[in-house]
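Q:
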Amino acid sequence: MLFCCCAAEEEKEASKMSEEHFKGLVQTAPAMTDPDAVPDTFTIKLLPADGKHGLQVDATNPVCTVIKDILPGGAIDNWNQNKPDLKVKKLDRIVEVNGIKGPAIDIAKALDLSDTLNIVVQRPEQRVLKLQRPGEIGMVLNYKKIGSAAPWISKITPGLLTKWNQEMPDQAVQLHDRIVAVNGAQGRPEEMLCRGGKRILPALRTLLHGSIARNFLVTCLYLDRA
């Protein structure tokens, strides 16, 4: 069984998040690593002369802040052009801003409190999971229509996912992993999880794995029928 929890709100996008934006969200524990050459965690240093950071962040998960978009011409976009070996990417996790860790809302606010920024970023690792049906998937997803870059796992129940975790502990899925594609489909959470009025699970594909206790991961999950 798979449940999706979506909290509706007014159509307003911004990198600066408000307390109201997070009311009613499920608070759970998290999970997150990286296979490429970029260190799992690295620091970006921006000065006033660099201009606005140009980040849009997803802080809809109270315990995990991820980068939703990088605006062209912003300081981070310029950073990426000048430092390709430490390039910031969508769905990277922001771990700390100017010494502020704490809840996602505090990290999101900290981005706009100073023109001098020290941003600690954590790169996701991608994984591929293949689950064999029949059987229930065994997880609950949470997201907001406005603000969420990708839905995250808020609960894992007995099912195919639990079986995978037991059989593949080095590739285990945890709370706060994010699904970023379903059967090859990417985009807004509701577009990914529903197609033609139907839920397209069982067929999760890419899943983000992110943990406060660990590194940040992107995982691909495939579900096949027997």
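In this note's numbering, the protein residues as written are -18 to 207. Glycine residues also receive a C-beta, built at the ideal position from the N, C-alpha and C atoms.
Can you check which of these residues, I100, D73, D66, is closest to R159 by C-alpha distance?
A: Closest option to R159, Cα to Cα, is D73.
Q: Let me confirm a value: N63 is counted as buried when at least 16 other C-beta atoms fall within 10 Å, else exposed. Which label applies?
A: Answer is exposed; the Cβ neighbour count stays below 16.
Q: Who are the near neighbours of P84 in its chain, counting only those whose CB is closer than 6 Å to its CB and skipping five residues on each side?
A: Only P43 meet the Cβ criterion.
Q: Return helix, strand or coil for L156, following the three-state DSSP convention.
A: In the structure shown, L156 sits in coil (DSSP, three-state: anything other than H, G, I, E or B).
Q: Cα-Cα, which of E77, T143, V154, S129 is closest to V38?
A: Of E77, T143, V154, S129, the residue nearest in Cα terms is S129.
Q: On a CA-only basis, which of K26, I25, A30, P132 is nearest C45? Give me that one, please.
A: Among K26, I25, A30, P132, the Cα nearest to that of C45 is on P132.
Q: Would you check if the distance between the CB atom of L52 and the CB atom of V78 is smaller than 8 Å?
A: Not in contact: L52 and V78 (Cβ atoms no closer than 8 Å).
Q: With which residues is R74 paired in a DSSP beta bridge?
A: Partner(s): V47, Q103.
Q: What are the partner residues of I81, as DSSP defines its beta bridges?
A: In the DSSP output, where bridge partners are listed per residue, I81 has V78.
Q: Would you list the one or two residues that DSSP bridges to Q37?
A: D50, per the DSSP bridge assignment.
Q: In or out: Q103 buried (at least 16 other Cβ within 10 Å) or exposed?
A: Result: buried.
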